[in-house]
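Everything on this sheet refers to the single structure shown next.
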Amino acid sequence: MFFVLKFAVAVMTMATVSWVFVEMRGRRRVFDSPAQLPAADVGLVLGCVPLLTDGRPNQFFNARMDAAVAAYQAGRCRILIVSGSYGMVVDEAGAMKAALVERGVAAEHILEDRGGFRTFESIYRARDVFGLKSVLIISQRFHNLRSLCIADRLQLPAVALNAAHPGGRSVVKMMGREVVSRLRMMLE
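Residue numbers (the working numbering): 11 to 198.
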């Protein structure tokens, strides 16, 4: 029993340290408005499914698409890379491109990356497959902060635009997922 307690305390301590580290590391490079952003050649929109498992629209997806359009229309990026998985259920990159085109982004200004199965792969591929020397990351704040740490580790200069967070019941689920993701990032 004592071992289990020590293990739980160790995991909680590591999770807390990773949370604080990520918050402190990226907080000056996340922006809430495109007007605050430095101009970048390319915006990297991180993957998200358009529909929830119950068929309702995913508000995280819609907020990311709206933020990407705002950055594009404000002239903060000329090209958008939509990076997500291509699974049996949904083609995230294809769905994101369709949503962006529907919102007025020129199709020829959108590149699809179907190899972004995880945040790490999306950023790694932005650097090594697409040859980016710097990037504007677009996602929700909690995701952006972790993404900036990954970009730092990969030596890819980055800033991030925060998409709106839909709130509601999704907050608890997403924050729990983010605790695990940040801990995993630190361990890797």
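Note that the Cβ used here is the ideal one computed from N, Cα and C, for glycine as well. Remember, predicted model here, so these are calculated numbers, not experimental data.
Practice task
Return the bridge partner residues of residue 122 from the DSSP annotation.
Solution key: Position 112 of the sequence shown, counted from the first residue, corresponds to residue 122. Residue 122 pairs with 92.
Exercise for the section: Using only alpha-carbon positions, find the residue among 194, 74, 135, 123 that is nearest to residue 149. Expected result: The residue you call residue 149 lines up with position 139 of the sequence shown. Nearest option by C-alpha distance: 74.
Exercise for the section: Buried or exposed for residue 45, please, with buried defined as at least 16 other CB atoms from any protein chain shown within 10 angstroms of its CB. Expected result: On the sequence shown, position 35 is the one that residue 45 refers to. When all chains shown are included, residue 45 counts as exposed.
Problem - CA nearest to the CA of residue 155, picked from 169, 126, 17 - result: Position 145 of the sequence shown, counting from 1, holds the residue named residue 155. If we check each option's Cα against that of residue 155, 169 comes out closest.
Problem - Delimiting residues of the beta strand (DSSP E) encompassing residue 145 - result: Along the sequence shown, one-based indexing puts residue 145 at 135. It spans 145-150 - the beta strand (DSSP E) in which residue 145 sits, taken as one unbroken run.
Exercise for the section: Count the other C-beta atoms from every protein chain shown that fall within 10 angstroms of the C-beta of residue 19, then say buried if there are 16 or more, exposed otherwise. Expected result: The residue you call residue 19 lines up with position 9 of the sequence shown. Looking at its Cβ environment, which holds fewer than 16 other Cβ atoms inside 10 Å, residue 19 is exposed.
Exercise for the section: Go ahead and pull the three-state DSSP assignment for residue 53. Expected result: For the purposes of this step, residue 53 is taken as the residue at position 43 of the sequence shown. Three-state result, residue 53: strand.
Problem - residue 174, DSSP secondary structure in three states - result: Counting from one through the sequence shown, the residue named residue 174 turns up at place 164. DSSP places residue 174 in coil when its eight states are reduced to three.
Handout entry: 3 or more residues per run - each beta strand (DSSP E) lying fully within the stretch 51-87
Key = 52-56
Practice task
Under 8 Å Cβ to Cβ from residue 37, same chain only, skipping five residues before and after it: list those, please.
Solution key: As a first step, residue 37 must be located in the sequence shown, where it is residue number 27. Once the five neighbours on either side are set aside, the close Cβ partners of residue 37 are 155.
Practice task
Could you tell me whether the stretch 62-69 touches the stretch 87-95, using the rule of 3 or more Cβ pairs below 8 Å?
Solution key: no
Practice task
Could you tell me which residues DSSP pairs with residue 101 in its beta bridges?
Solution key: Taking the first residue of the sequence shown as position 1, residue 101 is located at position 91. When DSSP reads this structure, residue 101 sits in a beta bridge with 96.
Exercise for the section: Flag this pair as yes or no: are the beta carbons of residue 103 and residue 133 separated by less than 7 Å? Expected result: Position 93 of the sequence shown, counted from the start, is the residue given in the question as residue 103. Position 123 of the sequence shown, counted from the start, is the residue given in the question as residue 133. Their beta carbons are not under 7 Å apart, which means residue 103 does not touch residue 133 by this criterion.
Practice task
Pull up the distance between the alpha-carbon of residue 22 and that of residue 16, whole angstroms please.
Solution key: The residue you call residue 22 lines up with position 12 of the sequence shown. The residue you call residue 16 lines up with position 6 of the sequence shown. The alpha-carbon atoms of residue 22 and residue 16 are separated by roughly 10 Å.
Problem - Run of the alpha helix (DSSP H) containing residue 43, from where it starts to where it stops - result: Stepping through the sequence shown from its first residue, residue 43 is reached at position 33. Premise fails: residue 43 is in no alpha helix (DSSP H) and is neither H nor E.
Exercise for the section: Identify whether residue 168 lies in helix, strand or coil by the three-state DSSP scheme. Expected result: Taking the first residue of the sequence shown as position 1, residue 168 is located at position 158. Residue state, collapsed to three classes: strand.
Handout entry: residue 136 - containing alpha helix (DSSP H), residue span
Key = Here the question's residue 136 lines up with position 126 in the sequence shown. Unbroken alpha helix (DSSP H) run through residue 136: 129-138.
Handout entry: Chain-order list of residues whose beta-carbon lies under 8 Å from that of residue 119 (same chain, five-residue window excluded)
Key = On the sequence shown, position 109 is the one that residue 119 refers to. Excluding positions up to five away in sequence, the list reads 82, 88, 89, 90.
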